[in-house]
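Since the structure comes first, as structure tokens, the remarks are kept for the end.
There are 2 protein chains.
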Amino acid sequence: MAKDMTLLWGSGSPPCWRVMIVLEEKNLQGYNSKLLSFEKMEHKSQQVLDINPRGQLPSFKDGDKIINESIGACLYLENQYKSQGTKLIPDSPAEQALMYQRMMEGNTLMQKIATVLYYHMFVPEGERHDSAVKRNRENLTTELQLWEKYLENVAAGSYLAGAFSLADVVVYPSLAYAFQYGLSAERYPKIAKYLNLLKDRPSIKTTWPQKWFQHEQRAEMLKEI
Amino acid sequence: MAKDMTLLWGSGSPPCWRVMIVLEEKNLQGYNSKLLSFEKMEHKSQQVLDINPRGQLPSFKDGDKIINESIGACLYLENQYKSQGTKLIPDSPAEQALMYQRMMEGNTLMQKIATVLYYHMFVPEGERHDSAVKRNRENLTTELQLWEKYLENVAAGSYLAGAFSLADVVVYPSLAYAFQYGLSAERYPKIAKYLNLLKDRPSIKTTWPQKWFQHEQRAEMLKEI
């Protein structure tokens, strides 16, 4: 039951957003939702460390069952609430295969975005190189071109693996994040179309990162990617 | 059916080994198995690129369904062959939650091992720093101490998430890999016990990387981790 569930999350974090979308899709509104601040380092606070030794968000509990890994939590919730809300793992072998493939590729996508955006946080000053920045950006371009191709036939009702599925749950937040950081709709028209087709879906609209509304201008770090 | 399946793989690659273990556990022997050589760059050959634009191994096909992401392929095979061979996703909510958590953490573990072992391949010469090497090694130590703790109650018949499951399928190859590169059984006795308890399990024994038998001495890169 939703009231036995607790999600500790940070606004604008794609992995957190994944879990929030699944909770909406599975009609599990009413869970304990605790918004924490990355800026204040609350992801390293005792309340997080108590359930997540890695000190990361999301941190998620269902009763005394802990699943902090976002894709793990999504798979768990879908399996525990199969017949409730939206069915997020398709039955047809072809769609299921594609769904698992894109869902797991979503991890690589997020990693490549983070490598570019957080270079200055991940890499100490004395170890930074322009050549690494350039290579990371090129790797992200190659990655995004792959997703642009995956989405070439995107249309209302047909997303990453047929109907809306865990593939979209995992990937959508990362692509939206890239646009928040300035990714160009002209360079990536299919990705832009995909984002637009899903932005008013209730599970996504309700959980859209509030802090993204607070900035009048989007960041521009990924504008030239 | 196994004869419609094709696995392109490289010896000693933990992600490839995961898929091979699942194929054994689900009694899917008889698939088309093609061993390729990383040393000869065969993972970038056309036969791989035709089904895997990332040019990575494993590359896996079931008929015309492609799932190259190793965890994706494991989830797909378990779901398609639920009642065949070993059940790899437990039913009990508590074990299932733990299984998904450890399975996904297995990705992080593998990444941290690779960051240490392949530093000289991933990072061009002019960008290398001793401070980065040191930090990567410390991060891997912290990671392995976490797994040592996760395994503190390991015993025959009780592994990462109760009975043998996809958590073990994903994590075992990475831990065995770390030992192949010299990880110390004295420093990590629970991990060593876990590896030992499972090494004669038929699915693991049959698929043990042949090339690891060819070296008389183990590499020692992780001896001091």
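Chains A and B, in that order, are what the protein sequence lines are.
Take the first sequence: its position 119, counting from 1, is numbered 119 in the working numbering, and each next residue is one higher.
Heads up, the working numbering is the position in the second sequence plus 1000, with the first residue counted as 1.
By construction, the Cβ of each residue, glycine as well, lies at the ideal position given by its N, Cα and C atoms.
Inset, instruction - Check each candidate in B:Gly-1126, B:Leu-1008, B:Arg-1128 and name the one with the smallest Cα separation from Ile-1066 (chain B). - result: It is B:Leu-1008.
Legend entry - chain A within 8 Å of Asp-1050 (chain B), Cβ atoms only: Look at Asp-1050 (chain B): its C-beta is not under 8 Å from any C-beta on chain A.
Legend entry - Counterpart residues of Met-1252 (chain B) in DSSP-defined beta bridges: With chain B covering 1001 to 1225 only, the question about residue 1252 (chain B) has no answer from this structure.
Inset, instruction - Identify, in the order they occur along the chain, each residue of the same chain with its Cβ nearer than 8 Å to the Cβ of Ser-1174 (chain B), setting aside the five sequence neighbours on each side. - result: Contacts found: Pro-1014, Gly-1106, Leu-1109, Met-1110, Ile-1113.
Inset, instruction - Tell me, please, whether the CB atom of Gln-101 (chain A) is closer than 8 Å to any CB atom in chain B? - result: Judged by the 8 Å Cβ criterion, Gln-101 (chain A) is in contact with chain B.
Inset, instruction - Tell me whether Tyr-100 (chain A) sits in a helix, a strand or coil according to DSSP, three-state version. - result: Residue state, collapsed to three classes: helix.
Legend entry - CB contact check: Ser-1131 (chain B) to chain A, cutoff 8 Å: Contacts with chain A at 8 Å (Cβ-Cβ) include Ser-1131 (chain B).
Inset, instruction - Would you please verify whether the beta carbon of Met-104 (chain A) is less than 8 Å from any beta carbon of chain B? - result: The beta carbon of Met-104 (chain A) sits closer than 8 Å to some beta carbon of chain B.
Inset, instruction - Taking 8 Å as the threshold, find out whether the stretch 142 to 159 of chain A comes into contact with the stretch 185 to 192 of chain A through three or more Cβ pairs. - result: Counting Cβ pairs under 8 Å, three or more are found: they touch.
Inset, instruction - Grab me the residues of Ser-1092 (chain B)'s own chain with a C-beta within less than 8 Å of its C-beta, minus the 5 sequence neighbours each way, in chain order. - result: Apart from the 5 residues on each side of it in sequence, Ser-1092 (chain B) sits with its Cβ closer than 8 Å to the Cβ of Gly-1162 in its chain, given in chain order.
Legend entry - Own chain residues within Cβ distance below 8 Å of Leu-1023 (chain B), not counting five before or after: Take Leu-1023 (chain B), set aside five residues on each side of it, and the residues of its chain with a beta-carbon closer than 8 Å to its own are Ala-1002, Met-1005, Leu-1007, Gln-1029, Tyr-1031, Leu-1077, in chain order.
Legend entry - CA nearest to the CA of Ala-1132 (chain B), picked from A:Arg-135, A:Arg-128, A:Val-133, A:Ala-219: Nearest option by C-alpha distance: A:Arg-128.
Legend entry - Boundaries of the alpha helix (DSSP H) in which Asn-1068 (chain B) is found, first to last residue: That residue, Asn-1068 (chain B), is in no alpha helix (DSSP H); it is neither H nor E in DSSP.
Legend entry - Beta-carbon gap between Val-154 (chain A) and Leu-197 (chain A) smaller than 8 Å: Their beta carbons are under 8 Å apart, which means Val-154 (chain A) touches Leu-197 (chain A) by this criterion.
Inset, instruction - Using 10 angstroms around the beta-carbon of Asn-68 (chain A), count the other beta-carbons present and answer buried if the total reaches 16, otherwise exposed. - result: Buried, by the Cβ-count rule.
Legend entry - Whole-angstrom distance between Lys-1040 (chain B) and Pro-1058 (chain B), CA atom to CA atom: Within the model, the alpha-carbon separation for Pro-1058 (chain B) versus Lys-1040 (chain B) is close to 16 Å.
Legend entry - Contact check, Tyr-1119 (chain B) vs Asn-1139 (chain B), beta carbons under 8 Å: No, Cβ-Cβ distance for Tyr-1119 (chain B) and Asn-1139 (chain B) is not below 8 Å.
Inset, instruction - Whole angstroms is fine: what's the gap from Thr-207 (chain A)'s alpha carbon to Ile-225 (chain A)'s? - result: Near 27 Å, if we compare the C-alpha coordinates of Ile-225 (chain A) and Thr-207 (chain A).
Legend entry - Where Leu-1222 (chain B) falls: helix, strand or coil (DSSP): Looking at Leu-1222 (chain B) - three-state DSSP - the assignment turns out to be coil, as it is neither helix nor strand.
Legend entry - Residue closest to Ser-1011 (chain B), alpha-carbon to alpha-carbon, out of B:Glu-1025, B:Leu-1195, B:Glu-1152, B:Ser-1033: The candidate whose alpha carbon is nearest that of Ser-1011 (chain B) is B:Ser-1033.
Inset, instruction - Would you please verify whether the beta carbon of Leu-1075 (chain B) is less than 8 Å from any beta carbon of chain A? - result: Chain A contact via Cβ: present.
Inset, instruction - In the DSSP assignment, find the alpha helix (DSSP H) that holds Lys-1034 (chain B) and state where it starts and stops. - result: No alpha helix (DSSP H) contains Lys-1034 (chain B), which is instead part of the beta strand (DSSP E) from 1032 to 1036.
Legend entry - Candidates A:Trp-17, A:Phe-38, A:Phe-213, of which the one nearest Met-121 (chain A) by Cα: Measuring from the Cα of Met-121 (chain A), the nearest candidate turns out to be A:Phe-38.
Inset, instruction - Report yes if the CB atom of Ala-167 (chain A) is closer than 8 Å to the CB atom of Met-99 (chain A), and no otherwise. - result: Cβ distance < 8 Å, so Ala-167 (chain A) and Met-99 (chain A) count as in contact.
Inset, instruction - Measure from the C-beta of Asp-4 (chain A) to each C-beta in chain B and report whether the shortest distance is under 8 Å. - result: No - not a single Cβ of chain B is within 8 Å of the one on Asp-4 (chain A).
Inset, instruction - State yes or no: is the C-beta of Asn-1079 (chain B) within less than 8 Å of the C-beta of Gln-96 (chain A)? - result: Against a cut-off of 8 Å, the Cβ pair of Gln-96 (chain A) and Asn-1079 (chain B) comes out as a contact.
Legend entry - Option nearest Lys-1226 (chain B) by Cα separation, candidates B:Pro-1202, B:Phe-1213, B:Phe-1179, B:Lys-1205: Nothing about residue 1226 (chain B) can be reported from this structure: the residues present for chain B run from 1001 to 1225 only.
Inset, instruction - Entirely within the stretch 1123 to 1199 of chain B and at least 4 residues each: give me those alpha helix (DSSP H) ranges in chain order. - result: Within the stretch 1123 to 1199 of chain B, the complete alpha helix (DSSP H) runs of at least 4 residues are 1130 to 1150, 1166 to 1180, 1189 to 1198.
Inset, instruction - Using the Cα positions of Gln-1047 (chain B) and Lys-1149 (chain B), report the straight-line distance between them to the nearest angstrom. - result: Using only the alpha carbons, I get a separation of about 42 Å.
Legend entry - Alpha-carbon spacing of Lys-1134 (chain B) relative to Arg-54 (chain A), whole angstroms: C-alpha separation (whole angstroms): 20 Å.
Inset, instruction - Between the Cα of Leu-1035 (chain B) and those of B:Gln-1210, B:Gln-1084, B:Lys-1026, B:Thr-1115, spot the shortest distance and give me the residue it belongs to. - result: Nearest Cα to Leu-1035 (chain B) within the set B:Gln-1210, B:Gln-1084, B:Lys-1026, B:Thr-1115: B:Gln-1210.
Legend entry - For Gly-106 (chain A), the three-state DSSP class (helix, strand or coil): Taken through DSSP and simplified to helix, strand or coil, Gly-106 (chain A) comes out as helix.
Inset, instruction - Step through the CB atoms of chain A and report whether any lies within less than 8 Å of the CB of Lys-1223 (chain B). - result: Taking Cβ atoms only, chain A never reaches closer than 8 Å to Lys-1223 (chain B), which makes this a no.
Inset, instruction - Tell whether a beta-carbon distance below 8 Å holds between Gly-85 (chain A) and Met-1104 (chain B). - result: No, the Cβ-Cβ distance between Gly-85 (chain A) and Met-1104 (chain B) is not below 8 Å.
Inset, instruction - Would you mind sorting Leu-1049 (chain B) into buried or exposed? The rule is 16 or more other CB atoms within 10 Å of its CB. - result: When all chains shown are included, Leu-1049 (chain B) counts as exposed.
Inset, instruction - In the DSSP assignment, find the alpha helix (DSSP H) that holds Thr-1207 (chain B) and state where it starts and stops. - result: Run containing Thr-1207 (chain B): 1202 to 1207, per the alpha helix (DSSP H) assignment.
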